[in-house]
Amino acid sequence: MTRIGFLALATALPGMALAESHMAEGGPALGYGERPFFLIDAMEEGELKDKLMSCQGQTPEPTAFSIAHRGAPLMIPEHTKQSYVAGARQGAGIVECDVTFTADHELVCRHAQNDLATTTDILVTDLAEKCTAGFTPAGEGSDASAECRTSDLTLAEFRELSPKMDASNAAATTPEEFQGGTAPWRTDLYVAGTELMTHAESIALIDSLGADFTPELKAASVEMPHEGFSQEDYAQKLIDEYKDAGIEPSRVWPQSFNLDDIKYWIENEPEFGAQAVYLDDRYEAEDEDEGLIDPMDPATFKPTMQELADMGVNYIAPPMWMLVTTDEAGEIVASAYAEEAKAAGLEIITWTLERSGPLASGGGWYFQSVEQAIDDDGDTYAMLDALAQDVGVVGVFSDWPATVTYYANCMGL
Numbered sequence: 000m001t002r003i004g005f006l007a008l009a010t011a012l013p014g015m016a017l018a019e020s021h022m023a024e025g026g027p028a029l030g031y032g033e034r035p036f037f038l039i040d041a042m043e044e045g046e047l048k049d050k051l052m053s054c055q056g057q058t059p060e061p062t063a064f065s066i067a068h069r070g071a072p073l074m075i076p077e078h079t080k081q082s083y084v085a086g087a088r089q090g091a092g093i094v095e096c097d098v099t100f101t102a103d104h105e106l107v108c109r110h111a112q113n114d115l116a117t118t119t120d121i122l123v124t125d126l127a128e129k130c131t132a133g134f135t136p137a138g139e140g141s142d143a144s145a146e147c148r149t150s151d152l153t154l155a156e157f158r159e160l161s162p163k164m165d166a167s168n169a170a171a172t173t174p175e176e177f178q179g180g181t182a183p184w185r186t187d188l189y190v191a192g193t194e195l196m197t198h199a200e201s202i203a204l205i206d207s208l209g210a211d212f213t214p215e216l217k218a219a220s221v222e223m224p225h226e227g228f229s230q231e232d233y234a235q236k237l238i239d240e241y242k243d244a245g246i247e248p249s250r251v252w253p254q255s256f257n258l259d260d261i262k263y264w265i266e267n268e269p270e271f272g273a274q275a276v277y278l279d280d281r282y283e284a285e286d287e288d289e290g291l292i293d294p295m296d297p298a299t300f301k302p303t304m305q306e307l308a309d310m311g312v313n314y315i316a317p318p319m320w321m322l323v324t325t326d327e328a329g330e331i332v333a334s335a336y337a338e339e340a341k342a343a344g345l346e347i348i349t350w351t352l353e354r355s356g357p358l359a360s361g362g363g364w365y366f367q368s369v370e371q372a373i374d375d376d377g378d379t380y381a382m383l384d385a386l387a388q389d390v391g392v393v394g395v396f397s398d399w400p401a402t403v404t405y406y407a408n409c410m411g412l
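Just so you know, we're using numbering that gives the first Met the number 0 here: the sequence shown kicks off at 0 and counts up by one.
Here it is as structure tokens:
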């Protein structure tokens, strides 16, 4: 099993080394909370559990290995000020703002351009009349539905909304009922008073927290160009907001599922493009440049990992399950996808730990390639250890970053 420690990695990657030194300057008081220990207690006896148990008295330190996915949305509404602060308090050295745009082409933090019906209270406000598709109650054989886009609103109108946990009640017959549906393993305890953010505001906040940045340019739900705002304008505006804030490119890992966005940054903003992260969804999506792939069969890879590297791509980020499989003994090991990426010199980041809920039934979508090895919550750390030690990922997105921070601190990553 190959161990790629973070400290060795930082020597090879100046950007990540700078991230570590910047975080040391200050920031919020850090703490792990109860969850890492709950997961460790649930683990099977063995060397990994013993190692993690031995670190219970350690002092939490921030690490770029721990990436706050939308903040800390396991318990706090995603892409809110409070969620970003929670992620940094849990030691995430990098915090994510998913970026989309409003009707007046201002950049805001939302996981999708069309998610306002499930992540905010828009349907119970006067702004509901501006939604692309208003609330439709559940009927015989059909679920309740609505579609509300940030592009339906101006920035001023967007600021009037209040966040909520990302959820909806499929059986709802009223907009008020539609506000429910939070998964039982999440919580609504920390919703009141949370605040939506623009991308520029997220930059100022995350910088003040001593963390670094991984903005994702989200696919538009509207046809592009949108009223003269082209895809290139959109990609450029994301970068411009870091330049306007005086943020060093070495502290920013811009992401996109669209390979053309990555290539745009490499060509037009090479300092930022050097750390651009190609989010790989080729398990389900294809176009003229990208083909459907089987992560276990390199012959299906289009482009190949080497072709990506030759384009100037340095970072690739697939979901966790694409990076792992099981061996004859049932142990979690690196997949062919992971081996090919490493052979091409690509750095690997992955998503998303702590997003599956209880793991007793195999972990669902994020664990699908190793389902037979997953049977309780303690296997969260079995998966994380395989990703870190066998695959050699350089960062892990998590919905509750303390879990990854604890592991990284304990293992010296």
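Beta carbons: idealized from backbone N, C-alpha and C, even for Gly.
Given the structure is predicted, the values throughout are model-derived calculations rather than measurements.
Exercise. Using 8 Å as the threshold, is the stretch 334-342 in touch with the stretch 369-379, meaning 3 or more CB pairs across them?
Worked result: no
Exercise. Quick one: what's V332 bridged to in DSSP?
Worked result: T324
Exercise. Could you give the distance in angstroms between the alpha-carbon of E44 and the alpha-carbon of T62?
Worked result: 27 Å
Exercise. Do you know offhand how far T131's Cα is from T118's?
Worked result: 15 Å
Problem set entry | Whether T419 touches Q112 by CB criterion (8 Å) | No information on residue 419 is available, as it lies outside the stretch 0 to 412 that the chain covers here.
Exercise. In whole angstroms, what is the alpha-carbon distance linking P183 and P76?
Worked result: 15 Å
Problem set entry | Neighbourhood of D280 by C-beta, 6 Å cutoff - its chain only, sequence neighbours within 5 removed | F256
Problem set entry | Identity of the residue in W320, L204, A210 nearest T79 by Cα | L204
For this session: On the DSSP bridge assignment, give the partners of L216 in chain order.
Result: V98
For this session: Check whether the Cβ atoms of S220 and R148 sit closer than 8 Å, and answer yes or no.
Result: yes
Exercise. What is the DSSP secondary structure of A91, reduced to helix, strand or coil?
Worked result: strand
Problem set entry | Three-state secondary structure assigned by DSSP to S255 | strand
For this session: Determine the closest residue to Q178 out of T404, L216, A127, with distance taken between C-alpha atoms.
Result: A127
For this session: Identify whether A23 lies in helix, strand or coil by the three-state DSSP scheme.
Result: With a pLDDT of 48 at A23, under the threshold of 50, the modelled position of that residue is not reliable, and the figure given next carries that caveat. Of the three classes helix, strand and coil, the one that applies to A23 here is coil, per DSSP.
Problem set entry | Bounding residues of the alpha helix (DSSP H) (the contiguous stretch that carries T379) | 378-384
For this session: Could you check the C-alpha separation between G356 and V84 for me, to the nearest Å?
Result: 22 Å
Problem set entry | F212 beta carbon less than 8 Å from that of I39 | no
For this session: Could you name the residues of the same chain whose beta carbon sits closer than 7 Å to that of C409, not counting the 5 residues immediately before and after it, in chain order?
Result: K50, L51, C54, Q57
For this session: Indicate whether T197 and T153 have their beta-carbon atoms separated by less than 8 Å.
Result: no
Exercise. Under 8 Å, do K163 and V123 count as touching if we go by C-beta distance?
Worked result: no
Exercise. Since Y405 is in the alpha helix (DSSP H), which residue starts that stretch and which ends it?
Worked result: 401-410
For this session: Classify D187 as helix, strand or coil using the three-state DSSP reduction.
Result: coil
For this session: Using only alpha-carbon positions, find the residue among A169, R109, D165 that is nearest to T135.
Result: A169
For this session: Select from Q274, A275, A91, F64 the residue whose C-alpha is nearest the C-alpha of Y31.
Result: A91
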